[in-house]
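In the order they appear, the protein sequences are chains A and B.
Counting from 1, one number per residue, gives the positions in the first sequence under the working numbering.
Counting from 1, one number per residue, gives the positions in the second sequence under the working numbering.
One structure below.
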Amino acid sequence: MLFVGMIVAGVAVAAGLVIAAMGENMLYFYSPSQIRAGEAPSGPSIRVGGLVVEGSVRRGEGLEVSFTLTDGAETVDVRYAGILPDLFREGQGIVASGVLEAGGGRLRAEEVLAKHDENYMPPEVAEAMEMARQGGKMVPPHGARQ
Amino acid sequence: MIGELGHFALILAFVVATIQGVVPLLGAWRRIPAWTAVAVSAARAQFLLIGLSYLCLTHLFIVSDFSFTYVAQNSNTALPLFYKISAVWGAHEGSMLLWAAILAGWGFAVATFSTSLPDVFRARVLAVVALVSVGFHLFMLLTSNPFERLLPAPVQGRDLNPLLQDPGMVAHPPLLYMGYVGLVVPFSFAVAALLEGRIDLAWTRWTRPWTTVAWAFLTSGIMLGSWWAYSELGWGGWWFWDPVENASFMPWLVATALIHSLAVTEQRGAFRAWTLLLAIFGFSLSLLGTFLVRSGVLVSVHAFATDPARGVFILAFLGLVIGSALGLYAWRAARFAGGGSFEPCSRETFLLANNVLLVATSGTVLLGTLYPLLIDALGQGKISVGPPYFNAVFVPLMLPLAALLGFAPLARWKGDEWRRLLLKFRMPLAVVVLVSVGLALGTPASWAMAAGTGFALWIATGVVLGLRDRLRHRHGGGSVRRALGRGFTGMTVAHLGAAVFIAGVTWTTGAGVERDVRLAPGESATLAGYSFRFEGVSGRLGPNYRALRGTLHVSRGGEPVAVLHPEKRTYISQAQPMTEAAVHAGFTRDLYVALGDQPVQEDGAWTMRLQYKPLVRWIWLGPIMMAIGGLLAASDRRYRPSPRPARAAVPVDGAHVHG
Chain A
1 MLFVGMIVAG
11 VAVAAGLVIA
21 AMGENMLYFY
31 SPSQIRAGEA
41 PSGPSIRVGG
51 LVVEGSVRRG
61 EGLEVSFTLT
71 DGAETVDVRY
81 AGILPDLFRE
91 GQGIVASGVL
101 EAGGGRLRAE
111 EVLAKHDENY
121 MPPEVAEAME
131 MARQGGKMVP
141 PHGARQ
Chain B
1 MIGELGHFAL
11 ILAFVVATIQ
21 GVVPLLGAWR
31 RIPAWTAVAV
41 SAARAQFLLI
51 GLSYLCLTHL
61 FIVSDFSFTY
71 VAQNSNTALP
81 LFYKISAVWG
91 AHEGSMLLWA
101 AILAGWGFAV
111 ATFSTSLPDV
121 FRARVLAVVA
131 LVSVGFHLFM
141 LLTSNPFERL
151 LPAPVQGRDL
161 NPLLQDPGMV
171 AHPPLLYMGY
181 VGLVVPFSFA
191 VAALLEGRID
201 LAWTRWTRPW
211 TTVAWAFLTS
221 GIMLGSWWAY
231 SELGWGGWWF
241 WDPVENASFM
251 PWLVATALIH
261 SLAVTEQRGA
271 FRAWTLLLAI
281 FGFSLSLLGT
291 FLVRSGVLVS
301 VHAFATDPAR
311 GVFILAFLGL
321 VIGSALGLYA
331 WRAARFAGGG
341 SFEPCSRETF
351 LLANNVLLVA
361 TSGTVLLGTL
371 YPLLIDALGQ
381 GKISVGPPYF
391 NAVFVPLMLP
401 LAALLGFAPL
411 ARWKGDEWRR
421 LLLKFRMPLA
431 VVVLVSVGLA
441 LGTPASWAMA
451 AGTGFALWIA
461 TGVVLGLRDR
471 LRHRHGGGSV
481 RRALGRGFTG
491 MTVAHLGAAV
501 FIAGVTWTTG
511 AGVERDVRLA
521 PGESATLAGY
531 SFRFEGVSGR
541 LGPNYRALRG
551 TLHVSRGGEP
561 VAVLHPEKRT
571 YISQAQPMTE
581 AAVHAGFTRD
591 LYVALGDQPV
601 QEDGAWTMRL
611 QYKPLVRWIW
621 LGPIMMAIGG
631 LLAASDRRYR
641 PSPRPARAAV
651 PVDGAHVHG
């Protein structure tokens with residue numbers, strides 16, 4: 001009984017923690033087209049992916065930098081203050097996570113990811129571009145807070 | 001020629017493994033000694049063949065034979081010899097060959113060192129190991145053959161991924177695989193025990209040292225991976241909760257539970273069915289990790305290729321191995337119920353709590369790792385579950401474990417009194433509370449840091465108390481070495497390692513400082529009392545890369561501390577830029593500088609990240625102590641073959657567990 005009781009208690013506590021943590025710490029992915037269509041929320045952090053538009057990278061004061069992401073159909077402006085990853089380049093597929101500025105539809109990025117090798121395309125970005133090419137849009141994330 | 005020889009040896013190894021997996025099992029079933037005897041010689045032959053195959057592939061790398069696809073894609077004539085040898089496991093096919101070689105190596109070791117095992121039992125163990133080998137050999141031959149020819153041969157190879165050109169990365173995969181694959185030994189012992197239908201004291205004594213050694217390898221492999229990420233990925237993080245890291249961490253958590261559960265099984269004959277289940281889970285998670293990493297469902301530096309055939313193969317193999325092991329367990333486990341009884345306040349209960357916490361943690365990591373894949377597969381959108389989730393779940397589950405770790409090793413088996421424990425620990429408790437409260441109120445340290453330090457101190461004082469008890473109660477005139485014993489010493493060192501690790505994590509996370517700055521030559525920035533003066537950047541030529549090398553003079557209160565040279569490298573064959581951080585390492589703190597980029601060319605200013613990381617070395621020192629403790633414990637005298645092997649069996653139909 002003790003054996004079973006402890007296991008049940010352990011599983012219950014773990015499940016509770018998982019549910020609480022999942023609710024707060026999940027990041028949903030949106031393509032530039034979805035953001036233009038107003039599907040992305042402007043409160044919680046989200047992830048946005050696309051190709052960095054050629055010639056769009058602008059350096060500001062200190063570590064400020066801004067650039068534009070595209071999925072081939074629509075674009076989204078991104079502002080970031082920090083060091084860009086090694087593989088960040090114009091024309092490269094990247095994923096940025098951060099908060100959408102209210103109204104402007106511009107992303108204030110907290111993190112910019114470009115991964116591993118020069119031929120690599122983040123799968124989300126590849127899918128978003130394919131969708132945009134076909135004139136469709138990605139499925140809106142299930143249960144996303146609007 | 002050499003390539004064909006390696007390929008041929010691999011095919012032969014597959015044939016031998018098939019024989020090793022089938023004939024001894026039939027022999028054990030039909031009681032034919034000649035058939036069971038096949039296991040040992042087949043295990044040796046298989047190891048020699050796969051070893052030969054591995055050496056052949058290494059030879060192809062050393063002579064840069066680019067007529068082999070795998071060599072052409074992962075090596076280059078300009079690559080230093082050291083990295084040519086490690087490039088063998090630098091990508092998918094070769095690391096599978098390394099995996100298979102290590103698997104055969106563990107089989108070879110069991111065949112050679114477990115001579116005290118009964119023949120039939122050993123035959124069953126070796127057969128189970130071989131059946132796993134068969135799966136991996138087939139996998140290589142069908143989907144991932146490192147000996148595939150590339151015609152016409154290119155003049156130059158594509159070179160090893162620059163991220164992997166680092167000493168930490170050279171040692172990380174072999175050590176990690178030793179641990180990952182080593183869990184096949186307890187798995188095979190468990191399956192063999194299920195086939196025999198019994199576990200006795202001898203079984204636990206055979207299983208324990210193997211499990212502990214595999215666990216020690218896994219610990220050091222994960223530790224090296226973390227150290228590599230810290231120094232090579234460029235940004236000073238030491239754990240990212242990346243799915244690939246989780247893939248190695250989940251089996252580690254279960255293996256940690258297993259070595260503790262085995263202690264109860266050995267000392268008290270209890271938890272037997274549970275121990276068997278953990279042994280199965282441990283290796284199953286290793287296989288699941290392999291599937292996640294190799295199938296390409298995860299995208300990371302480790303996911304070398306995305307070939308759906310590979311994913312399907314491993315998934316089918318995974319289902320077969322786990323399914324049949326769990327099926328056998330469901331059929332036979334009832335025979336292993338029972339064991340010694342124990343009170344709610346006893347060492348058994350505390351170890352049970354340890355197991356529940358570790359397995360629950362492993363489950364939450366598994367969920368966080370698989371959930372995004374599941375949501376994506378169901379077409380419900382793309383999500384990512386990042387470090388905040390894992391931290392929010394992991395820390396609350398680990399705190400009670402740390403609390404247990406302080407006093408549980410001193411609790412009595414079978415039954416103890418809370419009052420006795422409380423009295424015994426009143427001094428440590430007082431010290432811990434005083435220090436923690438003092439830290440929180442008297443210094444800038446936060447409550448979280450005070451608590452983390454308190455937990456580390458709590459474990460350390462428990463260790464000291466345990467040592468004192470042991471030495472005080474030694475029989476008159478007994479030597480210190482004898483009184484402690486390697487088993488106890490190993491446990492002590494490993495537990496102290498946990499305290500060191502907790503202290504390291506607490507202080508690095510809580511008191512570490514990180515600053516991104518933009519500095520022109522001659523400018524300085526200050527961080528945690530250290531002044532970093534940027535002197536500029538100059539060019540440098542490496543064996544297979546060009547580098548821009550920065551120079552920073554670090555000083556504190558006017559006294560020079562270090563000169564750091566962070567680099568930005570471009571590998572010639574791949575045109576891929578790489579950040580090579582400069583670290584001034586110390587026992588109490590690291591200073592870490594990584595170059596970003598040059599926003600505008602004119603003023604020569606660079607962006608860079610400066611970091612001050614207190615006690616960060618302790619994060620790796622702790623696991624090193626754990627691994628050393630594991631190896632010490634595994635070499636305890638009672639596991640060494642004695643002239644009269646202990647065959648005292650624990651009664652299988654013993655008393656049932658009260659609860």
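Glycine included, C-beta positions come from ideal geometry on N, C-alpha and C.
From a predicted model like this one, the values you see are computed outputs, not experimental measurements.
Residues of chain A with a CB under 8 Å from the CB of residue 352(B): which are they?
Among the residues of chain A, those whose CB is under 8 Å from the CB of residue 352(B) are 2, 3, 6, following chain order.
At which residues does the beta strand (DSSP E) containing residue 96(A) begin and terminate?
Unbroken beta strand (DSSP E) run through residue 96(A): 93 to 100.
Give the C-beta separation of residue 181(B) and residue 106(B) to the nearest angstrom, bearing in mind that I take them to be a contact with Cβ-Cβ under 8 Å.
About 6 Å separates the two Cβ atoms, so the contact holds.
Distance check for residue 530(B) and residue 573(B), CA to CA, integer angstroms please.
Straight-line Cα distance between these residues: approximately 38 Å.
Roughly how many whole angstroms lie between the Cα atoms of residue 108(A) and residue 30(A)?
Straight-line measurement puts the Cα of residue 30(A) at about 14 Å from the Cα of residue 108(A).
Residue 109(B) and residue 133(B) look like a contact to me (Cβ under 8 Å); what is the Cβ gap, rounded to whole Å?
Actually they do not touch by this definition, with Cβ atoms about 14 Å apart.
Under 7 Å from the C-beta of residue 94(A): neighbouring residues of chain B:
Per Cβ cutoff of 7 Å: no residues; residue 94(A) is ~13 Å from chain B at best.
Any idea what DSSP makes of residue 50(A), helix, strand or coil?
Residue 50(A) falls in the strand class under three-state DSSP.
Where does the unbroken beta strand (DSSP E) through residue 584(B) begin, and where does it stop?
Counting along the chain, the beta strand (DSSP E) containing residue 584(B) begins and ends at 582 to 584.
Nearest neighbour of residue 553(B), chosen from 6(B), 97(B), 522(B), 311(B) [CA to CA]:
When each option's Cα is compared against that of residue 553(B), the closest is 522(B).
When 538(B), 14(B), 230(B), 335(B) are compared against residue 581(B), the one with the closest alpha-carbon
If we check each option's Cα against that of residue 581(B), 230(B) comes out closest.
Counting only C-beta atoms, is residue 110(A) closer than 7 Å to chain B at any point?
No, residue 110(A) lies away from the interface with chain B (no Cβ there is under 7 Å from its Cβ).
By the DSSP assignment, the beta strand (DSSP E) with residue 136(B) in it spans what residues?
DSSP places residue 136(B) outside any beta strand (DSSP E); the residue lies instead in the alpha helix (DSSP H), whose first and last residues are 119 to 143.
Mind pulling the chain B residues with CB within less than 9 Å of residue 29(A)?
Residues of chain B passing the Cβ test: 381, 382, 383, 384.
Report the three-state DSSP secondary structure of residue 533(B) (helix, strand or coil).
Here residue 533(B) carries a strand assignment [DSSP, helix/strand/coil].
Skipping 5 residues on each side, what residues in its chain have a beta carbon closer than 7 Å to that of residue 259(B)?
So the list reads 211, 212, 215, once near-sequence residues are dropped.
Residues of its chain near residue 627(B), where Cβ-Cβ distance is below 7 Å and the 5 sequence neighbours each way are ignored:
Excluding positions up to five away in sequence, the list reads 216, 219, 220.
Is there at least one Cβ from chain B nearer than 7 Å to residue 14(A)'s Cβ?
It does; some Cβ of chain B falls within 7 Å.
Taking only the alpha-carbon atoms, compute the straight-line gap between residue 463(B) and residue 415(B) and give it to the nearest angstrom.
Answer to the nearest angstrom: the Cα atoms are 21 Å apart.
Under 7 Å from the C-beta of residue 58(A): neighbouring residues of chain B
Residues of chain B with a Cβ closer than 7 Å to the Cβ of residue 58(A) do not exist, since the nearest Cβ in that chain sits about 10 Å away.
Whole-number beta carbon distance between residue 74(B) and residue 151(B), since they are thought to touch under 8 Å
So it is not a contact: roughly 18 Å between Cβ atoms.
Can you tell me which of the three DSSP states residue 342(B) falls into?
Residue 342(B): coil per DSSP, three-state reduction.
Taking Cβ-Cβ distances below 8 Å as the criterion, which residues of the stretch 420 to 452 of chain B are in contact with chain A?
Listed in sequence order: no entries.
Could you tell me the distance, in whole angstroms, from the CA atom of residue 14(A) to the CA atom of residue 403(B)?
Roughly 17 Å separates the two Cα atoms.
Can you name the residues of chain B whose CB is closer than 7 Å to the CB of residue 21(A)?
The contacting residues are 389, 392, 393.
Quick one: residues in its chain with C-beta nearer than 8 Å to the C-beta of residue 119(B), no 5 flanking neighbours on either side, listed in chain order?
Spatial neighbours of residue 119(B) in its own chain (CB-CB distance under 8 Å, excluding positions within 5 residues in sequence) are listed in chain order as 33, 36, 37.
So who's on the other strand from residue 367(B), going by DSSP bridges?
BP columns for residue 367(B) are empty, so no partner.
How long is the line joining the alpha carbons of residue 190(B) and residue 48(B), rounded to whole angstroms?
Straight across, the Cα-Cα distance linking residue 190(B) with residue 48(B) is about 26 Å.
Residue of 84(A), 111(A), 101(A) minimising C-alpha distance to residue 58(A):
Of the candidates 84(A), 111(A), 101(A), the one whose C-alpha sits nearest the C-alpha of residue 58(A) is 84(A).
Does DSSP put residue 459(B) in a helix, in a strand, or in coil?
In the three-state scheme derived from DSSP, where H, G and I count as helix and E and B as strand, residue 459(B) is classed as helix.
Just to check my reading of the structure: residue 79(B) and residue 87(B) have Cβ atoms closer than 8 Å, yes? What is that Cβ distance to the nearest angstrom?
Confirmed, about 7 Å.
Hey, is residue 113(A)'s beta-carbon within less than 7 Å of any beta-carbon in chain B?
Chain B contact via Cβ: absent.
Cutting at 7 Å between CB atoms, please list the residues of its own chain near residue 119(A), excluding the five before and the five after it.
For residue 119(A), the predicted structure reports a pLDDT of 48, less than 50, and the residue's modelled location is therefore unreliable. The matter cannot be settled from this model.
Contact defined as beta carbons within less than 8 Å: I believe residue 457(B) pairs with residue 435(B). What is the distance between those atoms, to the nearest angstrom?
Contact flag correct, Cβ pair sits at about 6 Å.
Where residue 631(B) and residue 490(B) are concerned, what is the direct C-alpha to C-alpha distance, given to the nearest angstrom?
Cα-Cα distance, rounded: 7 Å.
For a minimum of 4 consecutive residues, which ranges assigned as the alpha helix (DSSP H) are wholly contained in the stretch 375 to 441 of chain B?
For the stretch 375 to 441 of chain B, the full-length alpha helix (DSSP H) segments reaching 4 residues or more read 387 to 407, 418 to 424 along the chain.
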